[in-house]
Structures are given as C-alpha cells and as structure tokens.
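J.: If you count the sequence shown from 1, you need to add 234 to reach my numbering.
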Amino acid sequence: MTAIEDLTALDLAALVASRVCHDIISPVGAITNGLEVLDEEGNEDMQEFAMDLIRKSARQASAKLQFARLAFGAAGSAGSEIDLGDAHAVAVGFLANEKAEIDWQVPRLLMAKNRVKLLLNLILLANQCVPRGGLITVRMEGEVNAPTFELVVTGSTTKVPALVIDMMSGVEPERIDAHTVQPVYAVLLARESGMHLDVVKEEAGVKIIASSSL
Numbered sequence: 235m236t237a238i239e240d241l242t243a244l245d246l247a248a249l250v251a252s253r254v255c256h257d258i259i260s261p262v263g264a265i266t267n268g269l270e271v272l273d274e275e276g277n278e279d280m281q282e283f284a285m286d287l288i289r290k291s292a293r294q295a296s297a298k299l300q301f302a303r304l305a306f307g308a309a310g311s312a313g314s315e316i317d318l319g320d321a322h323a324v325a326v327g328f329l330a331n332e333k334a335e336i337d338w339q340v341p342r343l344l345m346a347k348n349r350v351k352l353l354l355n356l357i358l359l360a361n362q363c364v365p366r367g368g369l370i371t372v373r374m375e376g377e378v379n380a381p382t383f384e385l386v387v388t389g390s391t392t393k394v395p396a397l398v399i400d401m402m403s404g405v406e407p408e409r410i411d412a413h414t415v416q417p418v419y420a421v422l423l424a425r426e427s428g429m430h431l432d433v434v435k436e437e438a439g440v441k442i443i444a445s446s447s448l
C-alpha cells in the first residue's frame, strides 16, 4: 500500500487491525461451523465432535486475542510498563496453537510497554522461521532499562522470510499490506524503543537479537 516513510498512524492502525482480524477469522469460523453442526445434526457422535471443535476453537481465538492485545494494543497509557510474566503467559497461550514450542528464560520484571511489545513481535517473527515446528528459546541480558533480547530458533527446517532479511539489511518494502505489516511494526517498535535488530541465519537455526543502543 505504501512505503514506511509515508505510512500514517491511521494506515498503520488499519493494517494492524486487518492482521489481527486475519489471525482470528479461522478459529471464529470454526466455532460457527461447530454451532451449525449442533443445529443440524441429530447424531450424538457428531454433536460431541462439534462441541470439541467449539471448545478448541474458542480457546484458540481467546489465546490469539490476548496475545494481540499485548503485542499490538495500547495496554495502558503512554509510558506505562508491562509485566514480563504477562508477556510469558500470552506467548505460551499463542504458541500452544502453533507448531513451535517456547523455552522462556526471561526474568519476571516490569518493563516499558514498547519493549515488551517488541519482544512479543519478535516471537511472531521467530514462529515464522520454523514452518514445520521447532523450539524458540527466549533470553534477556542487561538491565531492565537497557535490555538485550536474544531469540534462538531451532527446528528440522528453519528459514528467514525474505521481507525480514531485506528490512534487517535496511531495505524497506515498496508496499506494505496486512500480510507484511507485522515485521514492519516490529522494526518501528525497535526504533521507538531505541533498539537495534539483527536476524542471523545460522547452520543450527536462526538467531534474532534486539539490543539497546543506550
């Protein structure tokens, strides 16, 4: 739609909203399908199948929304802090419905909200690096006001999306849409937080680092 330089606050909000809606359409649609089966089927086995589908999809939709609220939402007024324990909880809930697992090695601290949002967005990037499943190890070094985040991604197949490689190299996308806005949003969060991003493809996997420039 537009380059980063021309991306207005309204454009960014609209694209992020589209991304969140895209993520929850599938589980909400599955809930609808399950309800339709309950309405139409008299078979007891099919009704139990429908209830299982509704329960699973409702949990998935809830986990995605809770994650999006912290990763993309305001989560309080400007300058507020977020509990890293809450970030851990929503990350675990989100990845429970994905192929990757998470090893969270970050202490429970209060941290500036944009840095916590950045960390959650880096987890989204890490998840894209293991399309067939794997492990995302999340670590933090340094002080709470000048942290360094390190995400080590391992799996049978690891890759870095082309858009992410370009952006980490300083090549900004010519067009931004709902499918590409998430890595763009992560870069904007890093800039706002005074942090530098690096994504490195290694033989054993992928390493994502966000380091403070303070």
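Just so it is clear, CB atoms sit at the ideal spot from N, CA and C, and this is done for glycine as well.
What does DSSP give as the partner residues of L431 in its beta bridges?
T.: DSSP lists A444 as partners of L431.
J.: Are S446 and A380 touching if we call contact CB-CB under 8 Å?
T.: Taking 8 Å as the Cβ cut-off, S446 and A380 qualify as a contacting pair.
J.: Which residues does DSSP list as the beta-bridge partners of M374?
T.: Partner(s): F383.
J.: Assuming T391 and D337 make a contact with CB atoms under 8 Å, what is their CB distance in whole Å?
T.: Rounded, the Cβ-Cβ distance is 19 Å, inconsistent with contact.
J.: Looking only at DSSP bridge pairs, what is Q339 linked to?
T.: Its beta-bridge partners are R373.
J.: E278: buried (16+ other C-beta within 10 angstroms of its C-beta) or exposed?
T.: Exposed, since its Cβ has fewer than 16 Cβ neighbours within 10 Å.
J.: Mind checking whether M345 and V324 have CB atoms under 8 Å apart?
T.: Their beta carbons are not under 8 Å apart, which means M345 does not touch V324 by this criterion.
J.: Looking at the unbroken beta strand (DSSP E) that takes in D317, where does it start and where does it end?
T.: 315-317 is the extent of the beta strand (DSSP E) around D317.
J.: Have a look at M374 and E282 and give me their C-alpha separation to the nearest angstrom.
T.: Answer to the nearest angstrom: the Cα atoms are 44 Å apart.
J.: Can H322 and V340 be called in contact, C-beta distance under 8 Å?
T.: Their beta carbons are under 8 Å apart, which means H322 touches V340 by this criterion.
J.: Are the CB atoms of I410 and L359 within a distance shorter than 8 Å?
T.: Going by C-beta atoms, L359 is not nearer than 8 Å to I410.
J.: For R342, which of E332, A330, D317 has the nearest alpha-carbon?
T.: Residue D317 is the option with its Cα nearest to R342.
J.: Below 8 Å on the Cβ atoms is my contact criterion, and I expect S296 with G268 to pass it. Report the Cβ-Cβ distance as a whole number of Å.
T.: Contact flag wrong, Cβ pair sits at about 15 Å.
J.: For V434, is the classification buried or exposed, using 16 other Cβ atoms within 10 angstroms of its Cβ as the cut-off for buried?
T.: It is exposed - the Cβ of V434 has fewer than 16 other Cβ atoms within 10 Å.
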